[in-house]
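Numbering (the working numbering), first residue to last: 11 to 96. From the three backbone atoms N, C-alpha and C, an ideal C-beta is built for every residue, glycine too. For clarity, every value in this text was computed on a predicted model and none was experimentally measured. Encoded as structure tokens, the structure appears first; notes follow it.
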């Protein structure tokens, strides 16, 4: 029983890592149209459907899932009174 649970968790994280790498490559390709100086270090989902947090060096931007839109600034969760960018 524990082996099954471990196996399912392992598959979940492996699938997430593969999906994250694919998104990172897509976003890198989109950003390269603006400048070749961007090097993405991390991509994370946000609570907003279709918007991803992209870390480039010390900076954070947000990108649409299709890579066509970039948002720069902070995302504030008004209901929970939290800055999601931090």
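### Proximity of residue 49 and residue 66 at Cβ, strictly below 8 Å
A contact, by the Cβ cut-off of 8 Å.
#### Entry: Local conformation of residue 93 per DSSP, three classes
In this structure, residue 93 counts as strand in the three-state DSSP scheme.
### Message
Counting C-beta neighbours from all protein chains within 10 Å, is the total for residue 62 16 or more, i.e. buried, or is it exposed?
### Response
It counts as buried.
#### Entry: Start-to-end residues for the beta strand (DSSP E) that takes in residue 62
For residue 62, the enclosing beta strand (DSSP E) has its first and last residue at 61-66.
### Query
Quick one: Cα of residue 40 to Cα of residue 86, how far?
The alpha-carbon atoms of residue 40 and residue 86 are separated by roughly 25 Å.
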